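Enquirer: Questions regarding the structure given below will be posed in turn.
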Amino acid sequence: RFATFEARKEREDEIDSVISAWTANRPAEGVMLQLQAGGVAA
8 RFATFEARKE REDEIDSVIS AWTANRPAEG VMLQLQAGGV AA
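Numbered according to the numbering used here, the sequence shown spans residues 8 to 49.
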């Protein structure tokens, strides 16, 4: 359901909600390191 840009754009609010929940109680540096370890520029 998130395979294409169009699909992600259609579900932008859902994605933002999930990311917000995931980052809410984590230190910024830890989030950055986890994202970078997964190949995400952060």
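Using N, Cα and C, we set each Cβ at its ideal position, and we do this for glycine too.
Note that the coordinates shown come from a computational prediction; the quantities given were computed from them, not determined experimentally.
(1) Are the CB atoms of A28 and M39 within a distance shorter than 8 Å?
(2) In this structure, does DSSP put G37 in helix, strand or coil?
(3) Between N32 and F9, what straight-line distance do the alpha-carbon atoms span, to the nearest angstrom?
Expert: Let me spell this out:
(1) Cβ distance not < 8 Å, so M39 and A28 don't count as in contact.
(2) DSSP places G37 in helix when its eight states are reduced to three.
(3) Answer to the nearest angstrom: the Cα atoms are 25 Å apart.
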